[in-house]
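Going down the list, the sequences are from chains A and B. Taking my numbering, the leading residue of the first sequence gets 1, the next gets one more, and so forth. Taking my numbering, the leading residue of the second sequence gets 473, the next gets one more, and so forth. A virtual CB, placed ideally from N, CA and C, is assigned to each residue, including glycine. Beneath this line is the structure, given in structure tokens, with notes to follow.
2 protein chains.
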Amino acid sequence: MKLFEPLKINSMTLPNRVVVPAMVTRLSGEDGFVNGDITDRYVRFAKGGAGLIVLEAMAVHGSKSGPLLRISGDEFTPGLRELRQKMKDAGPGCVAPQIIHFLKISRSGWRQKVDDLSIDDIRAIVDAYAAAAVRCIDAGYDGVELHMAHAYTLSSFLSRMNKRRDDYGGSLDRRLRVPVEVVTAVRKAVGDFPVGVRFDGEECIKGGYTGDESKLIAWRLVQAGVDYVSISAGGKFEDAQPREGEPLYPYTGYSGDRCMPGKTYPPAANLYIAAGIRLFLREQGSSAPVIATGKINTPELAEKILNDGHADLIGMARPILCDPDWPRKVQAGHFDRVIRCCYANVCKAKDERFQTVSCFLWPKGEIQAPQSDDSVAPQWPEEGAGLKADGSKGRIDLKWNAAKDNEGVYGYDVWRALGEGDFERVDAVPAPVTGYHDTTAVAGFEYRYYVQGYDYAGNRTPASGILQARIS
Amino acid sequence: MKLFEPLKINSMTLPNRVVVPAMVTRLSGEDGFVNGDITDRYVRFAKGGAGLIVLEAMAVHGSKSGPLLRISGDEFTPGLRELRQKMKDAGPGCVAPQIIHFLKISRSGWRQKVDDLSIDDIRAIVDAYAAAAVRCIDAGYDGVELHMAHAYTLSSFLSRMNKRRDDYGGSLDRRLRVPVEVVTAVRKAVGDFPVGVRFDGEECIKGGYTGDESKLIAWRLVQAGVDYVSISAGGKFEDAQPREGEPLYPYTGYSGDRCMPGKTYPPAANLYIAAGIRLFLREQGSSAPVIATGKINTPELAEKILNDGHADLIGMARPILCDPDWPRKVQAGHFDRVIRCCYANVCKAKDERFQTVSCFLWPKGEIQAPQSDDSVAPQWPEEGAGLKADGSKGRIDLKWNAAKDNEGVYGYDVWRALGEGDFERVDAVPAPVTGYHDTTAVAGFEYRYYVQGYDYAGNRTPASGILQARIS
């Protein structure tokens, strides 16, 4: 599989094409130092075998912002070095911290904007990025990723909402100026150390930019010296939904939906954005690798994207949060043992509520993915699993009997076929739930369903009996 | 060209594949009767040669709503009949009124929602649609289009925001129930009279549906009896931007951008939605024609979409508002005489401000597109048109000398090539302006530009000299 071929990016060689993009965890303390929970989370990811793990955004500056890692001074280097060493001991993947600058925000609703920054403020931001990038080398990392996506400072400069009237806003070229200065300063400071960038391929807000501009942004940043581009979307303040007594939080509006497309989105919902950028880069003679993200969840889909030339690397945040062993299991030919993300976006909701980010499918209260080397598959108590359907309420309600397992049943996948079509895995429910409401079925179609139980290692029951159902 | 092949839809045969989708004009009076301005607008469209002209949404019920056509009683039939006759005299295209039901809204911010409707209210809506559809037959039209898109009643039933707890909301099947009842009642009332539907292929709001559900909506509505589906997007209340002292108006938020994608969007920005729906319908064995809309502006693009099987009909609202003769000119092989929409969306902005909808490129103050049979092309006063560029302000500023014409210069098209790439027409400016700011250029690229002046008939000057420019 192309997915498991290595890829050289400047001086680092990724062992495979699976990328864990930066994900907020809210596991760190307010002091910004690496702690045990953070270490556990990332060592687990490393063990899972992804080719590149991008550590959650860490601040290049000293502003307070709740539980967030920091890389704003040399005092943070030892902890970061230790984390890198532990990840190296656990797995073969390269690791790059994502470094971020963000503006101030208050509970009153006020937020600092790029228009408020003086030229000295801008110089300080550029310098802080360069200094933080050097600390990534000092701490033994393989590369650094510059955060220019979502609602943060550099993204806000790139945004079409940046109406500064000086050299740093207005036209696309001027909106690019601070980001280009950051790349230039970082490159000058780090030599041939791998430097990537993450930015929005579409802002997904009223008046925001789309692929027509982001392809030029990508090209310009590559010209300025970045080695790869990782394409995100949305996640902006402009359409965030205010909550009484809490600071405005990005990701809570439509652009947040587009940033982390949930159940209602088709697979690879944002792929066209990364594909358009990659095509443009190649047309201009650039071979910079492009990372595509957003609801890419099966090896077949990932492989097709690589073979179609729509991306060079596949970013999987929620699927690897759900099951850190995705890469290792798939490489061993066992996608059938992967615990599969159902895109319920409870992880996203927890972040929005300033809670520790965990997965909906994990056992209740856990802050890390469960681990098991068990090889005994769960079993149905009876043939067909007692699967029943009721189509009388304008939806199809499924019920089945609980599976049994030596270690414990972890959850159930629900599979559905429309008419004569192929079966698709439509959702998952965590045990001990043994039922599912299919609210997206429509009258007039015949549906077929089956369910499969899985344990903590991902061993699965046989398929339950296939049940035909329709809305009556 | 496939674009000019006829297409049979039930009992009507469109002479070609160009569709004028329903566009608000604000030309009617508050009384809802057809008047002279309305007649002029649509007779002009008919003369232009489009295969199907959908008349602006007219109300099936009696609610007041500013300048809006009505079809809520038999008293409106004579005026509508006369309009149809005048359009028949002017051109070969089929004509179908779009019929709409909308809920109440007040300046105070209150708006009626589908949750507020009683079962009797729902029955009255269904009956009103059926009665209005019959009036379309009586008035001599070729078909009727049911408005189920954007912020209006039937779209609000289809929406994932429809949380009614009875049979008419919640699950997809229940959200479909009122729309299906409308289609069923209309079909029963009109026999084999062509019935189309326009609905959103994506809601483009937080938590809204996407193609995964809209393909099922399309299929279900076709099963219920519609003859074609016309795919729009967005245009919702949920993200509309409130304006002091004015009722909330849809299209003013991000979903409004997506409904009428402007300058910052790539061509055919919403095509993937219609293409996905068409593919699904064909997989299910339905041959119902699909209309794609949204920034489709050149015959080459339209033809490619038809040949790729992404749509059966091409909707062009803003391009035909800009130049009603688009179909006739293109069919005669003269796209080079079309006045080309520049997607400035001044038409959209006028609608939002409750003003008569006109085109930014039309002569100031006009409420209809200019007309001319002149065949003398405008000329440059000197070779090269004196085209000059200045790249010192973080953008590229162009200036040129005014062209001269026997009847008057109407405007200028700006063409640009990036590096070694092909020239693309990037924008238009209305005369007497003779300059353009290219704010989307970035440093590091070589750009080439030329401009072309045009007169009211669309005759064009030769290309000005080609000028190379870059941001310094």
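Worksheet item: Among the residues of its own chain, which have a CB less than 6 Å from the CB of A:Gln368, if the five just before and after it don't count?
Response: The residues are Asp40.
Worksheet item: Taking Cβ-Cβ distances shorter than 9 Å, what residues in chain B pair up with A:Pro266?
Response: For a Cβ distance threshold of 9 Å, residue set Thr682, Gly683, Asp684, Gly748 of chain B lies close to A:Pro266, ordered along the chain.
Discussion item. Measuring CB atoms only, is the segment 453-463 of chain A touching the segment 372-386 of chain A, in the sense that at least three cross pairs come out at less than 8 Å?
Written reply: These segments touch.
Worksheet item: From the beta carbon of A:Ala151, is the nearest beta carbon of chain B less than 8 Å away?
Response: Closer than 8 Å: no.
Fill in: Where the alpha helix (DSSP H) through A:Val18 begins and ends
Under the DSSP assignment, A:Val18 falls outside any alpha helix (DSSP H), being part of the beta strand (DSSP E) whose first and last residues are 18-20.
Worksheet entry | Closer than 8 Å to chain A by CB, B:Val914 | With 8 Å as the cut-off, B:Val914 counts as an interface residue toward chain A.
Worksheet item: What number of angstroms, rounded off, separates the C-alpha of A:Tyr249 from the C-alpha of A:Gln112?
Response: Distance between A:Tyr249 and A:Gln112, taken at the CA atoms: about 13 Å.
Worksheet item: Is A:Ile471 close to chain B, meaning its C-beta is less than 8 Å from at least one C-beta of that chain?
Response: Taking 8 Å as the CB threshold, A:Ile471 lines the interface with chain B.
Fill in: Cβ contact check for the segment 603-619 of chain B and the segment 637-644 of chain B: 3 or more pairs under 8 Å
Not touching, per the Cβ criterion.
Worksheet item: From B:Ser578 to B:Tyr737, what does the alpha carbon distance come to, in whole angstroms?
Response: Taken atom to atom, the span from the alpha-carbon of B:Ser578 to that of B:Tyr737 is near 33 Å.
Item to complete: Examine chain A for any beta-carbon lying closer than 8 Å to the beta-carbon of B:Thr765, and answer yes or no.
Response: Interface criterion not met: the Cβ of B:Thr765 is under 8 Å from no Cβ in chain A.
Fill in: Bridge partner(s) assigned by DSSP for B:Thr497
Answer is none; B:Thr497 lacks a bridge partner.
Practice prompt. Determine the contact status of B:Val905 and B:Val886, defining contact as a CB-CB distance below 8 Å.
Written response: Using a Cβ distance threshold of 8 Å, B:Val905 and B:Val886 do not count as a contacting pair.
Worksheet item: Rounded to a whole number of angstroms, what is the C-alpha to C-alpha distance between A:Pro15 and A:Ile9?
Response: The alpha-carbon atoms of A:Pro15 and A:Ile9 are separated by roughly 11 Å.
Item to complete: Check whether the Cβ of A:Ile273 lies closer than 8 Å to any Cβ atom in chain B.
Response: Closer than 8 Å: no.
Discussion item. Contact criterion: CB-CB distance below 8 Å. Does A:Leu216 meet it with respect to chain B?
Written reply: True, the Cβ-Cβ gap to chain B drops below 8 Å.
Worksheet entry | Beta-bridge pairing of B:Pro569 - partner residues as DSSP gives them | Beta-bridge pairing links B:Pro569 to B:Leu527.
Discussion item. By the three-class DSSP mapping on this structure, what secondary structure does B:Lys860 have?
Written reply: For B:Lys860, the three-state secondary structure derived from DSSP is strand.
Worksheet item: chain A beta carbons: is any one of them nearer than 8 Å to that of B:Asp639?
Response: At least one CB atom of chain A sits nearer than 8 Å to the CB of B:Asp639.
Worksheet item: Relative to the alpha-carbon of B:Gln713, which residue among A:Leu216, A:Lys2, A:Ile205 has its alpha-carbon at the smallest distance?
Response: With distances taken between Cα atoms, B:Gln713 lies closest to A:Ile205.
Worksheet item: Of the residues B:Arg932, B:Leu524, B:Leu773, which one's Cα is nearest the Cα of B:His806?
Response: Among B:Arg932, B:Leu524, B:Leu773, the Cα nearest to that of B:His806 is on B:Arg932.
Worksheet entry | the segment 755-789 of chain B: positions lying closer than 9 Å to chain A by Cβ | Of all residues in the segment 755-789 of chain B, Glu755, Gln756 have a Cβ within less than 9 Å of some Cβ in chain A.
Discussion item. Is it buried or exposed, B:Gly581, if we count other Cβ atoms within 10 angstroms and call 16 or more buried?
Written reply: B:Gly581 should be labelled exposed.
Item to complete: Pull up the distance between the alpha-carbon of B:Met559 and that of A:Leu221, whole angstroms please.
Response: Going from the Cα of B:Met559 to the Cα of A:Leu221 covers about 54 Å.
Worksheet item: Quick one: complete beta strand (DSSP E) runs, 3+ long, within the segment 630-691 of chain B?
Response: Counting whole runs of 3 or more residues, the segment 630-691 of chain B contains the beta strand (DSSP E) stretches 667-674.
Item to complete: Quick one: list the residues of chain B neighbouring A:Gln223, beta-carbon separation under 7 Å, in chain order.
Response: By Cβ distance, chain B contributes Gly916.
Worksheet item: By the criterion of Cβ-Cβ separation under 9 Å, what are the contact partners of A:Thr184 in chain B?
Response: A:Thr184 does not reach chain B, its nearest Cβ partner there being about 12 Å away, counting only Cβ pairs nearer than 9 Å.
Item to complete: Could you have a look at A:Arg425 and say whether DSSP puts it in helix, strand or coil?
Response: DSSP places A:Arg425 within a strand segment (E or B) once states are collapsed to three.
Worksheet item: chain A partners of B:Asp729, CB-CB under 9 Å?
Response: Under the 9 Å cutoff, chain A gives Ile205, Lys206, Gly207, Gly208.
Worksheet entry | Cβ pair A:Val330, A:Val338 closer than 8 Å | In contact: A:Val330 and A:Val338 (Cβ atoms closer than 8 Å).
Fill in: Beta-bridge partners of B:Tyr922, as assigned by DSSP
DSSP lists B:Trp887 as partners of B:Tyr922.
Worksheet item: Who pairs with A:Ser230 in a beta bridge, going by DSSP?
Response: DSSP lists A:Arg198, A:Ile291 as partners of A:Ser230.
Worksheet item: Alpha carbon to alpha carbon, how far is B:Leu890 from B:Tyr921?
Response: So the two alpha carbons sit approximately 9 Å from each other.
Fill in: 6 Å Cβ shell around B:Lys519 - same chain, five flanking residues per side excluded
Hits under 6 Å: Ala562, Gly563.
Discussion item. For a minimum of 3 consecutive residues, which ranges assigned as the beta strand (DSSP E) are wholly contained in the segment 547-631 of chain B?
Written reply: Here the runs fully enclosed are 566-572, 616-620.
Discussion item. Counting only Cβ-Cβ distances shorter than 7 Å, please list the residues of the segment 643-674 of chain B near chain A, keeping chain order.
Written reply: Interface annotation for the segment 643-674 of chain B against chain A: Ser643, Leu644, Asp645, Arg646, Leu648, criterion Cβ-Cβ distance under 7 Å.
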